[in-house]
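Trainee: Numbering (my numbering), first residue to last: 501 to 611. Idealized CB from N, CA, C, for every residue including glycine. Nothing here was measured: the structure is a model prediction, and the numbers come from that model. This is the structure I have questions about; it appears just below.
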């Protein structure tokens, strides 16, 4: 059971980051490989301004880091274990969805 405030804060930050579909897409893209913002914006088909706002959120959450490369900046996951965590979450959710245990899942839009 999580009892330390720091442990809870880590999960809250991770949840905040995952609460937005664009941030999820960014994290999944960076799981594949580090990228420059312009390349990410093109790949995700979003404006650079919008991408910048989401990258700032992910940096504030401690999930991505900006790495200077000459005159450009490259983004990558702050820790390679985050990629594994994303994979674990995706497979756990798929496993739960395959076997919905909530009787009212379709009506309530949960589970």
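Consult DSSP for residue 545 and reduce its assignment to one of helix, strand or coil.
Mentor: If DSSP states are grouped into helix, strand and coil, residue 545 belongs with coil.
Trainee: Taking the straight line between their C-alpha atoms, what separation do you get for residue 583 and residue 513?
Mentor: Taking the straight line joining both Cα atoms gives about 16 Å.
Trainee: Which two residues bound the contiguous alpha helix (DSSP H) that contains residue 505?
Mentor: That run of the alpha helix (DSSP H) goes 505-518.
Trainee: Going by DSSP in three states, residue 566 sits in which element: helix, strand or coil?
Mentor: Residue 566 falls in the strand class under three-state DSSP.
Trainee: If you measure between the beta carbons of residue 530 and residue 524, is that distance less than 7 Å?
Mentor: The answer is no: Cβ separation not under 7 Å.
Trainee: Tell me the DSSP secondary structure of residue 572 in three-state form.
Mentor: Residue 572 falls in the strand class under three-state DSSP.
Trainee: Relative to the C-alpha of residue 541, which residue among 558, 522, 510 is closest?
Mentor: Checked all of 558, 522, 510; the closest Cα to residue 541 is 522.
Trainee: Quick check on the DSSP output: the alpha helix (DSSP H) that includes residue 521 runs from which residue to which?
Mentor: Per DSSP, residue 521 belongs to the alpha helix (DSSP H) from 521-532.
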